[in-house]
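Engineer: Okay, here's the structure, questions in a sec.
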Amino acid sequence: MEEIKRNLRKERVGVVTSSKMDKSIVVAEVKKVKHPMYGKFVLKTKKYVAHDETNNCNEGDTVRIMETRPLSKTKCWRLVEIIERAK
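Number 82 in the numbering used here belongs to position 81 of the sequence shown; there are no gaps in the numbering.
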């Protein structure tokens, strides 16, 4: 039963917008959402502070992050993998 519960963690894919902190990165996830009344697609951005143990992320990298226990006041995500490095 414990294994099933553990695997229900949320995952997000986004772009690193800041890596200036020690062992922390800010990841921005951009979604295209249709406006309920006008039907136009609007870009919505959500920022997540994620834990990067090895400090190997740079700004512009595309990364996958996973939900975890709270690591600080704002951090409750951790880096899973770097999908694509910034050019």
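In this text, a Cβ means the ideal position worked out from N, Cα and C, and glycines have one as well.
(1) Do the region 76 to 85 and the region 44 to 56 touch if we need at least three Cβ pairs shorter than 8 Å?
(2) In whole angstroms, give me the CA-to-CA distance for Thr69 and Val14.
(3) As a quick exercise: from Phe42, Glu54, Val28, pick the residue whose alpha carbon is nearest that of Val34.
(4) With respect to the beta strand (DSSP E) encompassing Asp36, which residues constitute its N-terminal and C-terminal limits?
(5) Does DSSP classify Ala29 as helix, strand or coil?
(6) Can you give the Cα-Cα distance for Arg10 and Lys88, rounded to whole angstroms?
(7) From what residue to what residue does the beta strand (DSSP E) around Leu1 run?
(8) Would you tell me roughly how many angstroms separate the C-alpha atoms of Gly61 and Ser73, rounded to the nearest one?
(9) In terms of residue numbering, what span does the beta strand (DSSP E) encompassing Arg79 cover?
Structural biologist: Quick look at the numbers:
(1) yes
(2) 15 Å
(3) Phe42
(4) It is worth fixing the name first, because residue 36 is His in this sequence and not Asp. Counting along the chain, His36 falls outside any beta strand (DSSP E), and DSSP gives it neither H nor E.
(5) strand
(6) 30 Å
(7) With the chain covering only 2 through 88, there is no way to say anything about residue 1.
(8) 24 Å
(9) 78 to 85
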